[in-house]
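Trainee:
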Amino acid sequence: MFDTILVPIDDSPGSERAFEAAVTLAKQYGSAVHVLSVVDEHGPRTDEWDRDGDSPAAAFVDEHADAVSADGIDVTPAVREGVVHEEILDYADESGVDLVVMGTHGRTGVRRYLLGSVTEKVVRLSDVPVLSVKADAEAGEVSFDDILLPTDGSSGAEAAIEPTAALASTTDATVHVLSAVDTRSLGIDVGSSVIIDELESVADDAVATASDRLYEDGVDAVKTAVAHGIPYQVILQAIDDNDVDLVVIGTHGRTGIDRYLLGSVTEKIVRTAPVPVLTVRSPDAGDEA
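Each number in the working numbering comes from the position in the sequence shown (counting from 1) with 1138 added on.
#1: Can you check DSSP and say which residues form a bridge with Pro1288?
#2: Taking Cβ positions, are Asp1283 and Thr1309 nearer each other than 8 Å?
#3: By Cβ distance, which residues of its chain are closer than 8 Å to Leu1337, with the 5 residues on each side in sequence left out?
#4: Report the rounded CA-to-CA distance for Asp1342 versus His1366, giving the unit in angstroms.
#5: From Gly1244 to Ala1275, what distance separates their C-alpha atoms?
#6: Name, in chain order, the residues that DSSP records as bridge partners for His1172.
#7: Is the beta carbon of Val1313 closer than 8 Å to that of Ala1376?
#8: Using C-beta distances below 6 Å, list every residue in its chain close to Ala1363, excluding the 5 sequence neighbours before and after it, in chain order.
#9: How would you call Lys1361, buried or exposed, if buried means at least 16 neighbouring beta carbons within 10 angstroms?
#10: What does the alpha-carbon distance come out to for the pair Asp1228 and Pro1267?
#11: Along the chain, where does the beta strand (DSSP E) that runs through Thr1417 open and close?
#12: Would you mind working out which of Gly1388, Val1408, His1172 and Ser1349 sits nearest Leu1374, comparing C-alpha positions?
#13: Please return the same chain residues whose Cβ sits closer than 7 Å to the Cβ of Ser1264, not counting the five positions on each side in sequence.
#14: Looking at the structure shown, is Ile1368 part of a helix, part of a strand, or coil, going by DSSP?
#15: If you measure between the beta carbons of Val1217 and Ala1203, is that distance less than 8 Å?
#16: Is the beta carbon of Val1345 closer than 8 Å to that of Thr1289?
#17: How about Val1173 and Val1206: do their beta carbons lie closer than 8 Å?
#18: Using the Cβ count rule (16 or more neighbours within 10 Å means buried), how would you classify Glu1201?
#19: Can you tell me where the alpha helix (DSSP H) holding Ser1307 begins and where it ends?
#20: In three-state DSSP terms, what is Thr1321?
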């Protein structure tokens, strides 16, 4: 599933945690790893920068690449200059990567470091899955024993099923399939009760479809739930209740579609979830920025 992994790095804690996660996944899947540093063309410039020479950026990338190579992993170091998120996306496309692993500052709100300010852009625009790892994640190798798969039955949600199955079948993880029924805009009347029943039916169908697909793809342990509430809060609560190690969630990407709940809450989950989040872009998303 993840034959080639791209991990953009800077010297932030989130970047280091992302690097560790990328190495762990590479060991599990026998993946090749590309370690990339992007020098922001709009950032401060010094005479030390030399794209073809022994620049600080190149030395930093080589140090990390050597660590990956020492583990017997095929590794490619790279340094680029430009608009950071655009260079990451272009590199991913040119190199045919299957997964991008990036650090994010999450709840800390720290904006000092480069990658913390561009991860959400990459999440929204990437054609391949993006694993976002928090700066305050525990150092060391990561493990995914309990995976949360939120679903609303949309194409974005369905796109997240296959990567979830690939991860769970490799790690023997339990997958928790969750659908949230958002009733905030409904009043208390007979009509609302009918609409709630319909929303619950849609949620039940979404959960059943996802769980059936997971079983078909070789996942042995699947738990399902339908909960009422604000979707992103329901997801955060499920993370806490089930000791979840990873959230896999769909995104509509460039289209900006808000029809389905996942299109409107994925970025909130990336910013606020206390665990890594794997975002998967819907295959039918458009190309509008």
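Heads up, the beta-carbon is just placed ideally off N, CA and C, and yes, glycines get one too.
Quick caveat: nothing in here was measured; it's all calculated off a predicted structure.
Mentor: Considering the structure as presented:
#1: Leu1316
#2: yes
#3: Val1319, Asp1320 and Thr1321
#4: 12 Å
#5: Its pLDDT being 43, under 50, Gly1244 is placed unreliably in this model, and the value from its coordinates should be taken loosely. Cα-Cα distance, rounded: 10 Å.
#6: Leu1144 and Thr1214
#7: no
#8: Leu1316
#9: exposed
#10: 14 Å
#11: Val1415 to Arg1419
#12: Val1408
#13: Leu1227, Ala1230, Val1238 and Arg1419
#14: coil
#15: no
#16: yes
#17: yes
#18: exposed
#19: Ile1299 to Thr1309
#20: coil
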